[in-house]
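S.K.: Just dropping this structure here.
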């Protein structure tokens, strides 16, 4: 069990997270990701004044990374997910109390 892990959480527009997950796997070798779907009501919409908000779907991407590579992966996700423009989403990082590495076993190819 290691205590030097960071959790990177991103709230992204629908349709972005799986592309980021694939890029993390192929370009960075990171497989410790999780994607959840969410939706909610926006308060700053034309219908908000009538008591209705605009419902929008989002994806929540969680990535667990080692502390020594956390800043690098944070910046990588920031650019890969295009968070740097309006309505591109948001992200934050926090330290985990403890984490256990998850490694898939080497299995022979199926025939």
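In the numbering used here, the protein residues as written are 2 to 112.
The beta carbon of each residue, even a glycine, is placed where N, CA and C say it ideally should be.
Residue 174 lies in the alpha helix (DSSP H); which residues open and close that run?
M.R.: Since the first residue shown for the chain is 2 and the last is 112, residue 174 is missing from the structure and cannot be characterised.
S.K.: Considering only the alpha carbon of each residue, which of 112, 6, 4 and 14 lies closest to residue 62?
M.R.: Of the candidates 112, 6, 4 and 14, the one whose C-alpha sits nearest the C-alpha of residue 62 is 14.
S.K.: Are the beta-carbon atoms belonging to residue 84 and residue 92 less than 8 Å from one another?
M.R.: Yes. Within cutoff.
S.K.: Cβ of residue 9 within 8 Å of Cβ of residue 64?
M.R.: A contact, by the Cβ cut-off of 8 Å.
S.K.: For residue 19, which residues from the same chain have a beta carbon less than 7 Å from its beta carbon, with the 5 sequence-adjacent residues on both sides left out?
M.R.: Excluding sequence neighbours, residue 19 sits near 36.
S.K.: Enumerate in chain order the residues of its own chain whose CB-to-CB distance from residue 88 is below 8 Å, with the five nearest sequence positions on each side excluded.
M.R.: Within the same chain, residue 88 has close Cβ partners 14.
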